[in-house]
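Worksheet for the structure shown next.
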Amino acid sequence: MTKSPEQLEQELKRRSKAAKLEIWGRVVSFSALILIVAVVVAIIGFVASKGLATFTTNHVNLWDFLSGKNWNPSLTDAHGKPEVGALSMIVGSFLITVLSAIVATPFAIGTAVFMNEISPNRGAKILQPVTELLVGIPSVVYGFIGLSVVVPFTRSVFGGSGFGILSGTCVLFVMILPTVTSMSADALRAVPRYYREASLALGATQWQTIYKVVLRAATPGLMTAVVFGMARAFGEALAVQMVIGNAALMPQSLVDPAATLTSVLTTGIGNTVMGSLQNNALWSLALVLLLMSLVFNLIIRLIGRKGRLQ
Amino acid sequence: MFMSSDIATPGTTPERHIVQPGDAQHPIVLSTEDLHVFYGDKEALSEGDLKFARNQITALIGASGSGKSTFLRSLNRMNDRIATVKGRIMYRGVDINQPDIDVYEMRRRIGMVFQRPNPFAKSIYDNIAFALRLRGITAKNKLDEIVETSLRQAALWDQVKDELDKSALALSGGQAQRLCIARAIAVKPDVLLLDEPASALDPVSTSQLEDTLLKLKQHYTIIIVTHNMQQAARISEYTAFFNQGRVLEYDTTSQIFTNPQVQVTSDYVSGNFG
Ligand SMILES: Nc1ncnc2c1ncn2[C@@H]1O[C@H](COP(=O)(O)OP(=O)(O)OP(=O)(O)O)[C@@H](O)[C@H]1O
Ligand SMILES: [Mg+2]
């Protein structure tokens, strides 16, 4: 009952059900991929075309846009040029991003060390679910708490309105803390157990092991966590807008009302007419935001690659 | 010549056979008394009382899961956070299994090398200097000197002396394992524990490692877990046979391999086990 070569060939060549299914699966996943790429490209293209219109259609000088301190797109200055200087918002955005990251990093790494190295049991039982829960809270809730707790507090301590960079930093600090913490914890978890054992077996104390071996080995991951937190802080709109005061002025102190790229966008975009200079100027801000988040992504990738090469 | 404690009914082989090692030149450095190790409720080691003689190599053999690593890791309390270790571990007259023992000081005296070569992602030099710097030795010439002698003792110096700044991760498996030995002996321990140090190595690296251990014997008391019975036969003076969390036989290596007293040992060393 052996099969003839012809029979065998036919059997092997026939498109089996499994083979058809595989082709179908490839088609589906490939089209999903195409769709996502198309959406991303469309968004970038759209924001870019709108954002660049300020400079092409409305003939605003790019340097004036990046270095000008006055933001008032519906007015023109003494020379008849529109006031679209975005510097104060760019500074505002960077300031609260960097400040909140500086404050959040030690807390995040400390918490991650505690829940991963010092008390893994309690860490897994309490801190892990708590951080995950905090990550999921919508930003409007953070903004609302900031508005009703942080702003009055800053007001009573530092005077003024209470709105400003300081309040924004506080709110963002709380917002990015869980993200940075859980990513830091992941980075620590990824440090192989045998590094710790090697260190302990050499007579290093637990603290020396954490400090000299674990944190050292986890540095790329920890940096990624911080940059990720910064990316989140930089792009956060709603919560910041609620507490920063939304005055597009160069911040003179941490407790004066200020503005960020996002807060100006969210407050302004509904009040302008499509195609007008005011509208285009806002799109330019959006373009800056988009480029910055691409930069953050790039940094994260670079760190990741360096970490892998090590 | 040896005191032995056989538990046997006449006419059958004993169930256990344990001798006392050591003599005037090789006094007992480390011993366990009434040692029990639990992982949670599970007792992984129930009868593991052994004595180790100075400047000798003792091999621990036995099937997978018989408790060799559990025993070894208890000796310098690497199991503290994972397991419950009950009983006494006597090191030169001091019970080091007490809560108020400074385990970090103790581990400087009882060093350990693991199955998998585990150098840090640092340079060769910094790997060895790591434990020294922790102890406040920072003078360059002092560090240089210890790094060199440690690498020489571990038979690695000639291969790496020109590239001490190179990452230790670029070493071959055998070199990395000898680096780990150099790192462990840099702090001049008294006892060296090795858990299957050659299992990831090729035959050439393995035999180099064995030569290294035979040389190190002059300075250290060595306890080595191995699955390789020829290796145990080649390098060790004493051999302990572990089975299901118990030491069933402990004797000179030649006795264990040529004239085992316990049936299970005999089956194991002749390959009729299981
Ligand atoms: N971390 C742990 N948690 C729970 N049980 C463990 C742990 N480590 C070992 N055991 C158990 O303890 C027993 C002894 O394991 P051990 O690792 O000491 O054996 P071994 O003789 O070293 O084996 P191998 O030759 O495979 O290394 C096994 O039953 C094992 O399942
Ligand atoms: Mg083992």
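In the order they appear, the protein sequences are chains H and E. With the first sequence counted from 1, adding 1040 to any position gets you this note's numbering. With the second sequence counted from 1, adding 5 to any position gets you this note's numbering. Note that CB positions come from ideal geometry on N, CA and C, so glycine has one too.
The Cβ atoms of H:V1280 and H:G1208 lie closer than 8 Å to each other.
The C-beta of E:E150 has fewer than 16 other C-beta atoms within 10 Å across all chains shown, which makes the residue exposed. E:P194 is not a Cβ neighbour of E:R140, given a cutoff of 8 Å.
Against chain E, the CB of H:E1237 has a partner CB under 8 Å away; the residue lies at that interface.
Within a 10 Å sphere around the beta-carbon of E:K166 sit fewer than 16 other beta-carbons, which makes this residue exposed. Closer than 7 Å at the C-beta level to chain E, one finds no residue of the stretch 1053-1083 of chain H. What you get when you keep residues with a C-beta closer than 7 Å to any heavy atom of ligand 2 is E:K73, E:S74, E:Q120, E:D200, E:E201, E:V230. Separation of E:A205 and E:A175 (C-alpha to C-alpha, rounded to the nearest whole angstrom) is 16 Å.
Taking H:G1204 as reference, the option from H:F1154, H:L1187, H:H1099 with the minimal CA-CA separation is H:L1187. At a threshold of 7 Å, E:Y255 does not count as near ligand 1, since its beta carbon sits no closer than that to any of the ligand's heavy atoms. Under DSSP, E:T257 forms a beta bridge with E:Y243. Taking 9 Å as the upper bound on Cβ-Cβ separation, chain E lies near no residue of the stretch 1288-1318 of chain H.
Take the alpha-carbon of E:V267 and the one of E:A237: they are about 18 Å apart.
For H:A1244, the residues of chain E that pass the 9 Å Cβ criterion are Y109, R112, F135, A136, L139, in the order they occur in the chain. Counting only runs of at least 4 residues, the stretch 1154-1212 of chain H fully encloses the following alpha helix (DSSP H) elements, listed from N- to C-terminal order: 1168-1176, 1179-1185, 1191-1198.
Close to chain E, meaning a Cβ-Cβ distance shorter than 7 Å, is no residue of the stretch 1214-1230 of chain H at all. A distance of 8 Å or more separates the beta carbons of H:A1299 and H:G1125. Taking a Cβ-Cβ threshold of 9 Å, none of the residues of chain H is close to E:A205; the smallest such distance is about 12 Å. Here E:S79 is near E:V90, since their CB atoms are less than 8 Å apart. Taking the CA atoms as reference points, E:F119 sits about 9 Å from E:I186. For E:H232, the CB falls within less than 7 Å of some heavy atom of ligand 1. The beta carbon of H:R1195 lies closer than 7 Å to those of S1201, G1202 in the same chain, with the five residues before and after it left out.
Around the CB of E:T143, fewer than 16 other CB atoms lie within 10 Å, so the residue is classed as exposed. Only residues of its own chain outside the window of five on either side were considered, and among them G1204 have a CB closer than 6 Å to the CB of H:D1296, listed in chain order. Straight-line measurement puts the Cα of H:S1239 at about 59 Å from the Cα of H:T1094. Considering only E:L50, E:V209, E:S241, the residue with the shortest C-alpha distance to E:L199 is E:S241. As the crow flies, the alpha-carbon of E:D39 is around 5 Å from that of E:G92. For H:Y1182, no CB of chain E lies under 8 Å from its own CB, so it is not counted at the interface with that chain.
With fewer than 16 other Cβ atoms inside 10 Å of its own Cβ, H:Q1047 counts as exposed. Identification of chain E residues near H:A1265 by a Cβ-Cβ cut-off of 8 Å yields none; the smallest Cβ-Cβ distance measures about 19 Å.
Under the three-state reduction of DSSP output, E:M117 falls in the strand class. Listed along chain H, the residues sitting closer than 7 Å to E:R121 by beta-carbon distance are Y1234. Between H:M1290 and H:K1109 a beta carbon distance of about 5 Å is seen, short of the 8 Å cut, so the two are scored as contacting.
Listed by position along chain H, the residues whose Cβ is nearer than 8 Å to that of E:N81 are A1241.
Taking 8 Å as the upper bound on Cβ-Cβ separation, chain H lies near residues C185, R188, A189, V192 of the stretch 175-207 of chain E. For ligand 1, no non-hydrogen atom lies closer than 7 Å to the CB of E:A64.
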